[in-house]
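Asker: Protein chains in written order, with this note's numbering: chain A, -6 to 299; chain B, -6 to 299; chain C, 32 to 271; chain D, 32 to 271.
Yeah, the Cβ is synthetic: ideal placement off N, Cα and C, and Gly gets one too.
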Amino acid sequence: MTAPSLKVTIGGVEFKNPILTASGTFGYGEEFDEYIDLSRLGGIVTKSITRHERKGHPPPRTAETASGMLNAIGLANVGVDAYVREKLPFLRNLGTRIVVNVAGFDTDEYLYVIDKLNGHDEIDMIELNISCPNVKGAGMEFSSNPQIAYDIVKKVKGICGFPLMPKLSPNVADIKLIAKACEEAGADALALINTLYGMAIDPFNWRIKLTNITGGLSGPAIKPVAIAAVWKTASVVKIPIVGIGGIMDYRDVIEFLLAGATAVQFGTANFVQPDCTIRAIDNLTDYLGSRNIQDVNDLIGKAKKT
Amino acid sequence: MTAPSLKVTIGGVEFKNPILTASGTFGYGEEFDEYIDLSRLGGIVTKSITRHERKGHPPPRTAETASGMLNAIGLANVGVDAYVREKLPFLRNLGTRIVVNVAGFDTDEYLYVIDKLNGHDEIDMIELNISCPNVKGAGMEFSSNPQIAYDIVKKVKGICGFPLMPKLSPNVADIKLIAKACEEAGADALALINTLYGMAIDPFNWRIKLTNITGGLSGPAIKPVAIAAVWKTASVVKIPIVGIGGIMDYRDVIEFLLAGATAVQFGTANFVQPDCTIRAIDNLTDYLGSRNIQDVNDLIGKAKKT
Amino acid sequence: MPLERFPIPGTFLHIKPNTTGTDPLLRRAFSIFDYDETTGTIEILYKVVGRGTEIFSRVRPGETLDVLGPLGNGFDLPLTIDNLVLVAGGVGIPPLYLLAKSHLRRGFDGKRISYLCGLTTVAEKPMADRVEKLPINLQFATDDGSLGFKGFVSELLRARLDDGSLGINPVICACGPDGMLKAVQTIARAYGKKCYLSLESIMPCGVGTCLGCVVKKDGEEKYVRVCREGPVFEATEVEL
Amino acid sequence: MPLERFPIPGTFLHIKPNTTGTDPLLRRAFSIFDYDETTGTIEILYKVVGRGTEIFSRVRPGETLDVLGPLGNGFDLPLTIDNLVLVAGGVGIPPLYLLAKSHLRRGFDGKRISYLCGLTTVAEKPMADRVEKLPINLQFATDDGSLGFKGFVSELLRARLDDGSLGINPVICACGPDGMLKAVQTIARAYGKKCYLSLESIMPCGVGTCLGCVVKKDGEEKYVRVCREGPVFEATEVEL
Ligand SMILES: Cc1cc2nc3c(=O)[nH]c(=O)nc-3n(C[C@H](O)[C@H](O)[C@H](O)COP(=O)(O)OP(=O)(O)OC[C@H]3O[C@@H](n4cnc5c(N)ncnc54)[C@H](O)[C@@H]3O)c2cc1C
Ligand SMILES: Cc1cc2nc3c(=O)[nH]c(=O)nc-3n(C[C@H](O)[C@H](O)[C@H](O)COP(=O)(O)OP(=O)(O)OC[C@H]3O[C@@H](n4cnc5c(N)ncnc54)[C@H](O)[C@@H]3O)c2cc1C
Ligand SMILES: Cc1cc2nc3c(=O)[nH]c(=O)nc-3n(C[C@H](O)[C@H](O)[C@H](O)COP(=O)(O)O)c2cc1C
Ligand SMILES: Cc1cc2nc3c(=O)[nH]c(=O)nc-3n(C[C@H](O)[C@H](O)[C@H](O)COP(=O)(O)O)c2cc1C
Ligand code: FES
Ligand code: FES
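#1: Under 9 angstroms Cβ-Cβ, which residues of chain D neighbour Ala174 of chain B?
#2: Please find out if some non-hydrogen atom of ligand 4 comes closer than 7 angstroms to the beta-carbon of Asn205 of chain B.
#3: By the criterion of Cβ-Cβ separation under 9 angstroms, what are the contact partners of Arg90 of chain B in chain A?
#4: Taking any heavy atom of ligand 6 as the mark, which residues have a C-beta closer than 7 angstroms to it, listed down the chain?
#5: Apart from the five residues on each side of it in sequence, which residues of its chain come closer than 6 angstroms, Cβ to Cβ, to Leu99 of chain D?
#6: How long is the line joining the alpha carbons of Pro235 of chain D and Pro126 of chain D, rounded to whole angstroms?
#7: Would you mind giving the Cβ-Cβ distance between Ile63 of chain D and Pro38 of chain D, rounded to the nearest angstrom? I have them listed as a contact below 8 angstroms.
#8: If you count every other CB in all the chains shown that lies within 10 Å of the CB of His45 of chain A, and 16 or more means buried, which is it?
#9: Is it the case that the stretch 7 to 25 of chain A contacts the stretch 232 to 248 of chain A, given that we only count it when at least three CB pairs across the two stretches are under 8 angstroms?
#10: Among A:Ile206, A:Leu251, A:Gly97, A:Arg200, which has the Cα closest to the Cα of Ala222 of chain A?
#11: Is Ile271 of chain B near Asp30 of chain B, with beta carbons less than 8 angstroms apart?
#12: Under 8 angstroms by Cβ, that's how I've got Ile91 of chain A and Ile37 of chain A pegged, so tell me the actual separation to the nearest angstrom.
#13: Could you check whether the Cβ of Ser136 of chain B sits closer than 8 angstroms to any Cβ belonging to chain D?
#14: Which residues does DSSP list as the beta-bridge partners of Thr39 of chain B?
#15: Would the stretch 202 to 209 of chain D count as touching the stretch 113 to 128 of chain D if we require 3 or more Cβ pairs under 8 angstroms?
#16: Determine the contact status of Glu315 of chain B and Gly239 of chain C, defining contact as a CB-CB distance below 8 angstroms.
#17: Does any heavy atom of ligand 1 sit closer than 7 angstroms to the C-beta of Glu85 of chain C?
#18: Measuring alpha carbon to alpha carbon, tell me which residue in D:Asp97, D:Leu228, D:Glu68, D:Gly179 is nearest Ala154 of chain D.
#19: Check whether the Cβ of Ser133 of chain C lies closer than 7 angstroms to any heavy atom of ligand 1, and answer yes or no.
#20: Out of A:Ala184, A:Gly112, A:Ala193, which has the shortest C-alpha to C-alpha gap to Phe301 of chain A?
#21: Just to confirm, is the Cβ distance from Ile86 of chain C to Thr51 of chain D under 8 angstroms?
#22: Indicate whether Leu34 of chain A and Thr89 of chain A have their beta-carbon atoms separated by less than 8 angstroms.
#23: Taking Cβ-Cβ distances shorter than 8 angstroms, what residues in chain B pair up with Leu210 of chain A?
#24: Taking 8 angstroms as the CB-CB limit, is Ala131 of chain A close to chain B?
#25: Could you check whether Gly67 of chain A and Asn205 of chain A sit closer than 8 angstroms to each other, using their CB atoms as the reference points?
#26: For Thr51 of chain D, would you say it is in contact with chain B, using Cβ-to-Cβ distances shorter than 8 angstroms as the test?
#27: Can you list the residues of chain B that Asp54 of chain D reaches, using a CB-CB cut of under 8 angstroms?
#28: What's the call for Thr152 of chain D, buried or exposed, on a 16-neighbour Cβ count within 10 Å?
#29: Between Tyr77 of chain D and Ser(-2) of chain A, what straight-line distance do the alpha-carbon atoms span, to the nearest angstrom?
#30: Decide if Pro126 of chain B is buried, meaning its Cβ has at least 16 other Cβ atoms within 10 Å, or exposed.
#31: Measuring alpha carbon to alpha carbon, tell me which residue in C:Ala190, C:Pro40, C:Ser88 is nearest Arg137 of chain C.
#32: Below 8 angstroms between beta carbons: does that hold for Met158 of chain B and Val95 of chain B?
#33: Which chain G residues sit within Cβ distance under 8 angstroms of Thr299 of chain B?
#34: Under DSSP, the beta strand (DSSP E) around Ala254 of chain B begins and ends at which residues?
#35: Which whole-angstrom value is the C-beta distance of Leu117 of chain C and Ser145 of chain C, which I expect to be below 8 angstroms?
#36: Span of the beta strand (DSSP E) holding Val79 of chain C?
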């Protein structure tokens, strides 16, 4: 038997396997260089980039919750100019796909950042963060209303030199509506989900745990919400879906593929186990092999009703 | 020092303490009679009642998830007539407050059920389930749109002989809008949150774990979402809030009170520890005593920014 | 957890898997396997299949577990029956062992008890060690024929019903995987024998409140709770 | 986890609290306390304060933990300094013990090392057992005066700086609760002494990617990562 194929294609871009790292949980890739062989990854999604450098929120920025964590980093990043100058070079020859996550406070900012990234051929795809719940005005509105989501995706698509993948928020009544709007506006793929709105208070000192008050909930706690989002969205759109939320190991990867995702991203898991992605690639390969499945694409959307 | 007072008042009804049991997790109260002294509870919220008997969804109806569980019971209940005949008598002399949770598939059903309950003075309050995510059409729309929420609450309030407490869904972009609409429509209190939309698939047999496909996510996993909902809602409404979601012990109770809840409901925790509520009442009493806090109301909304 | 009285066979314990943290969250159900009347000690016999049982396997003597129970309705069989036939598949062994032991203890003649024990292969035989010590008629069936009858234990049941070696008016009690229970149910119906099944189901609460563990009533659009009305049902009552 | 080389004092380990389940989810950080050069064994000294440390307290000899590290930037002090002053508060003891041991090992004269150890009360003295065995100048401060100086260890530092008993050009290294570090920082600034602080911070990843553990740079609108640029900082660098 030949080794199973793990290749997947999203927005015309071929990934060597469906396992990517999620924005904001993998830095700019550099930090993990000493822990894992980055070239084995399907792809790296880098930390959200904005027009200017952002220092982020004052600490404490994170709090642990049951099977999850809250974060209010506040889109801390070096800004697009420094990103292109200092971070892209490292990413150039890693031998893995580079997806650049772009955030903005208004349409102009998205367009400005994309414009600066255009032409840099080390970039394979743009992930459009229209769903970060941490910064007031920084996108929440874009992803919570179909019309607004349509407008921003349409405008960005008009100038974007790369395949475009909006990243959606789960903090909506019906994610299907937003997903369809993005598809109609020309999105090449969809990434879902970003974090859920959350908050925590210390019952002994009465303090709200995050300086920013609310934060984004991630980790295994949110996986069922993410699986439902992927399943529902897959039933209404034709473009590929990249699943995110609470993925810890290869079993979770398979669950997302069965729900209809073409690829996945590991977020919080990178904090718990720096080599979680590599283990998942190995285990997924073994899983397919032991079941005589030749192609990982044969899992996509194959969940069966009970 | 005198013992601290645990009394709270919601919609004009005095509860001996702020600890209630959540709808659907405590049956009609009978099952727990052998495990705990029901008269010690602040109140019991009974399983959602509909016009007719409902058998509920085919099994499997539940699945465990990280620090949580999914359920798609499908509003199984005896129907309002049998409820009044067979279940209310048991609840009559328990020495605790009785909150009856009412669900419906359309406005008429809500009004019908309320009408049947009117005049039964063993009932202290109505919790209006406009947020159950399990049954198609069974309320999801009511709670996901401010105008629709306003209309149903207004109509029910017009005929309801008891204080009225709508129970809201977290599956919305901005729960504040729904909360305000309910307040304007005359709600006496708000209960939040109901379960989050979720789903789970077995990675080995490829089966969706619930026959109903999606279900409601509850348990500690959702507590940060519930705390954020309570905090945000408390900043925009004047009526009392009853907090629900992932409460396991007295520390969680305190967290909800600090966030702005006047009382709380234990849901999934009853499955893990049948006497969780009684333990929490005892521990809360000790907590207040050891800090020289005379009145539990002094905790409400007192969370401090960091 | 010392227990004062001999537990009813077929009842179960609901055990909390961990002391710290909320994952895994829910209790796990295990049939009562054995009871020592001098010490009041209760035992379970379990197979490691997932996270909860994995945690239990690391618990060391002397540690304390949070146990709820005995819960549920067990086997309610008078001593006046003629013959008792126990059909166990894998982890279905424990409650039927306790049932045999309970009947023997109350004076029921071991010659009138048949224990048909289904295993995958002979390597699993240690699971039946205690059953072997009982003065009853024990027969094995293994999928690969490495011990006793080759084939499913339900087929062994059919063969023994056919050859009449189970005695007159045998009352069948079965516990094991769903597929096996279904087969036993069909056979009991075909042969017109009284039959009780001990069911498994995912049980969030174990005490009857969550309505999660239900099974369909036979011929009715109605569900019954496995934890409360069961886990033991008459075979004619439920639809598997 | 055997380690090949003597670890840099002030670096830390990131330890996963559980093997089953995802709650608690994140690793916990502990300074390296001691190192045995013959076996390569590494030790931590910790206080049970919450769920993670409670789990660790139940781990028995021979069990395996998932450990990441050593991580971070530790104390980088040349042997050419004149005098070393270690100011430890409670669980701040471990990294400063290792620092003293490391300097002694490399030939630094123990007479030139002062270890000011702050405890709540004499009952906590066992935490300093190993420090006591080092040939250095050890002094205690307790909140209740039950051992040594009565008062905060930062006040003990001030008194010793005043009486000149810490020698010329003392380099101060401190580890302990936030309040103590702040006091030491103020004193070092007032007396114009070189000072290093080992900080604590909630650390989701420990390897520099989450940006969760940051502390503010002094005088700048900028944050630095405690896990990567720290946990040891020059006192003038950070705003506490
Ligand atoms: C009344 C009753 C009696 C039982 N008696 C025994 C016994 O004596 N010996 C024994 O080995 N096993 C017995 N089981 C099965 C046992 O409960 C499961 O093997 C166990 O819950 C699996 O837990 P886990 O965490 O290891 O597996 P996981 O697969 O990790 O469990 C995940 C979830 O599914 C549930 N679950 C998984 N398998 C089952 C199952 N077969 N039945 C019910 N819930 C399940 C768990 O409770 C949990 O919520 C019994 C089950 C029931 C309902
Ligand atoms: C670089 C560094 C070195 C440390 N060295 C030691 C040491 O040698 N000995 C020792 O006893 N303790 C040390 N600590 C503190 C130790 O990490 C915490 O006591 C521990 O994380 C508490 O975990 P818990 O689960 O028991 O507490 P919980 O309160 O249940 O933890 C809840 C969450 O808060 C975090 N947290 C709580 N307290 C702290 C804290 N003080 N610092 C950082 N995160 C915290 C936990 O990691 C977790 O995410 C060190 C911390 C850091 C950052
Ligand atoms: C510390 C942290 C920082 C994050 N920063 C970003 C970000 O900058 N941009 C973004 O689109 N998502 C960000 N996310 C969201 C993740 O990319 C991911 O969508 C989310 O964490 C859910 O996945 P998980 O449960 O696997 O972590 C961040 C998440 C965490 C935990
Ligand atoms: C098994 C189960 C059944 C439920 N049934 C109902 C119901 O009938 N009506 C309702 O309003 N909420 C129902 N709920 C939601 C709970 O009342 C509660 O809002 C939710 O579980 C969150 O609280 P928890 O995390 O403490 O469980 C149910 C929850 C569970 C787990
Ligand atoms: S397990 Fe909850 S009703 Fe049976
Ligand atoms: S702990 Fe993640 S950056 Fe420091």
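Answerer: In short, the structure shows the following:
#1: Correct list: empty, because the minimum Cβ distance to chain D is about 36 angstroms.
#2: No, the Cβ of Asn205 of chain B stays beyond 7 angstroms of every heavy atom of ligand 4.
#3: Within 9 angstroms Cβ-Cβ: nothing; Arg90 of chain B doesn't reach chain A, min ~25 angstroms.
#4: A residue is listed when its beta-carbon falls short of 7 angstroms from at least one non-hydrogen atom of ligand 6; in chain order these are A:Phe264, D:Met234, D:Pro235, D:Cys236, D:Gly237, D:Val238, D:Gly239, D:Thr240, D:Cys241, D:Leu242, D:Gly243, D:Cys244, D:Arg256, D:Val257, D:Cys258, D:Arg259.
#5: Closer than 6 angstroms at the Cβ level, and outside the excluded window around Leu99 of chain D, lie His45.
#6: Spanning the two alpha carbons is a distance of roughly 21 angstroms.
#7: The pair is a contact, with the Cβ atoms about 5 angstroms apart (cut-off 8 angstroms).
#8: Exposed, by the Cβ-count rule.
#9: At 8 angstroms Cβ cutoff, the stretches touch.
#10: When only C-alpha atoms are compared, the closest one is A:Leu251.
#11: In this structure, Asp30 of chain B lies closer than 8 angstroms to Ile271 of chain B by Cβ.
#12: The Cβ separation is near 6 angstroms, so the contact holds.
#13: By the rule that beta-carbons nearer than 8 angstroms mark a contact, Ser136 of chain B does not touch chain D.
#14: According to the DSSP secondary-structure assignment, Thr39 of chain B is paired through a beta bridge with B:Val93.
#15: The stretch 202 to 209 of chain D makes contact with the stretch 113 to 128 of chain D, as at least three CB pairs between them are under 8 angstroms.
#16: The displayed coordinates of chain B run from -6 to 299. Any statement about residue 315 of chain B would go beyond what the structure contains.
#17: Yes, Cβ of Glu85 of chain C sits closer than 7 angstroms to a heavy atom of ligand 1.
#18: Per the C-alpha coordinates, the member of D:Asp97, D:Leu228, D:Glu68, D:Gly179 positioned closest to Ala154 of chain D is D:Gly179.
#19: Checking the Cβ of Ser133 of chain C against ligand 1 gives no.
#20: In the structure displayed, chain A extends from -6 to 299; residue 301 of chain A sits before or after that span and is not available.
#21: Against a cut-off of 8 angstroms, the Cβ pair of Thr51 of chain D and Ile86 of chain C comes out as a contact.
#22: Cβ atoms of Leu34 of chain A and Thr89 of chain A: closer than 8 angstroms.
#23: Pro217, Val218, listed in chain order.
#24: At Ala131 of chain A the pLDDT is 44, less than 50, meaning the model places this residue with poor confidence; the figure from the coordinates comes in the next sentence. Taking a beta-carbon distance threshold of 8 angstroms, Ala131 of chain A does not count as an interface residue toward chain B.
#25: At a Cβ-Cβ threshold of 8 angstroms, Asn205 of chain A and Gly67 of chain A count as neighbours.
#26: Closer than 8 angstroms: no.
#27: Going along chain B in sequence order, the residues near Asp54 of chain D (Cβ under 8 angstroms) are Ala59, Ser60, Pro213.
#28: Under this definition Thr152 of chain D is an exposed residue.
#29: One C-alpha to the other measures close to 47 angstroms.
#30: Low local confidence applies: a pLDDT of 49 at Pro126 of chain B is under 50, so the model's placement there is unreliable, and no value is given.
#31: That would be C:Pro40, whose Cα lies nearest to the Cα of Arg137 of chain C.
#32: The Cβ atoms of Met158 of chain B and Val95 of chain B do not sit closer than 8 angstroms to each other.
#33: Included in the structure are the protein chains A, B, C and D, with no chain G among them.
#34: Where Ala254 of chain B is concerned, there is no enclosing beta strand (DSSP E), given that its DSSP letter is neither H nor E.
#35: Right, the Cβ-Cβ distance comes to about 7 angstroms (below 8 angstroms), so this counts as a contact.
#36: It is not in any beta strand (DSSP E) - Val79 of chain C carries neither H nor E in the DSSP assignment.
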